[in-house]
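Plus 9 on top of the position in the sequence shown (first one is 1) and you've got my numbering.
For each residue, glycine too, the CB sits at the ideal point set by N, CA and C.
Given the structure is predicted, the values throughout are model-derived calculations rather than measurements.
Here the structure is laid out as structure tokens; the discussion comes afterwards.
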Amino acid sequence: MAPLTTLVNVKVLDDDGSGSASNAIRALEYLRKLNQSSRSIKIDGANLSLGYPFDPTWYGCGHSPLCDEVTRAVGSGIVVVISCGNSGYGTNKLENGQEVPAWLSLSISDPANAEDSIAVGSVHKTKPHTFGISYFSPKGPTGDGRPKPDLVAPGEKVISCSIHLDQGYEYEERSGTSMAAPHVSGAIAAFLSAHPEYRGDPQAVKEVFLKNATDLGRSPAFQGAGLIDLMRTILSV
């Protein structure tokens, strides 16, 4: 999507996909200091395809240590794109004891609850207008009533590069908002290639992408501003 983009890989999870919030905080701090120690922007964006359930007994929504580090990273000029999690669907128990499927509000995960982040939900990859938002995609608002997610992007049955310790490199199909978030990060990288004047201004980047998203006719609690539209966003400036 943006062939001239240089990728910086900062690993915070182990080979099983597990890790700690402190690792993610240290990674964002590292990227932030690269910008703050330079006269020009070195890191334009960060993609965080990770998250964990928000616990209201520990911190205010959007103000956990990792969310606060996301806010600082945005302040240093980094566009921070974060997957919303996959907990948007569950069950309700009826009076007769029967459990029935139900979508779950207030299901945005941390650190996507950070106000300045671009929180990404998932949509069907080929027929978003027909099938709409993925059943697993978290629904807003945030625990303190702010609108999230911000955007949606393809996140169902996405085929991409993968690595297995015993099999080497290959392609793998997966579903989740962790697949949707990189679509947005790639689109933003392409946009900044076309409009470098937006580098170092994450809030302006977020605003222009939300303004030019495609409305899928779903509730904002499901779709946010809508489906990301790179071409319309590039041509709008």
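Secondary structure note for Ala55: its beta strand (DSSP E) is the uninterrupted segment Gly54 to Leu57.
Cys93 sits buried, since 16 or more C-beta atoms from the chains shown fall within 10 Å of its C-beta. Listed in chain order, the non-local C-beta contacts of Tyr178 below 6 Å within the same chain comprise Ile172, local neighbours out to five positions each way being set aside.
In the DSSP assignment, Arg48 falls outside any beta strand (DSSP E) and carries neither an H nor an E. Contact between the segment 148 to 165 and the segment 186 to 202 is established, with three or more Cβ pairs separated by less than 8 Å. By DSSP's assignment, Arg183 forms a beta bridge with Val167. Here Pro156 carries a coil assignment [DSSP, helix/strand/coil]. Remark: C-beta atoms of Val83 and Pro211 approach each other more closely than 8 Å. With respect to Ala55, Ser202 sits apart: the two C-beta atoms are not nearer than 8 Å. If the five residues before and after Leu225 are omitted, its C-beta is found closer than 8 Å to the C-beta atoms of Val132, Pro137, His138, Gly141, Ile142, Val161, Gln232, Gly235 and Leu236, all from its own chain and listed in chain order.
In this structure, the beta-carbon distance from Ser58 to Ala190 falls below 8 Å. A buried status is given to Ser126, since no fewer than 16 other beta-carbon atoms sit within 10 Å of its beta-carbon.
Looking at the DSSP output, Ala162 sits in a beta bridge with Ser131. Take Leu113, set aside five residues on each side of it, and the residues of its chain with a beta-carbon closer than 8 Å to its own are Ser96, Gly97, Tyr98, Gly99, Pro147 and Lys148, in chain order. The secondary-structure analysis by DSSP pairs Asn101 across a beta bridge with Val109. Each residue's CA atom was taken as its position, placing Ile87 and Thr151 some 22 Å apart. Here Gly130 is buried. Its C-beta has 16 or more other C-beta atoms within 10 Å. Relative to the Cα of Asp153, the nearest Cα in the group Ile50, Leu239 and Asp119 belongs to Asp119.
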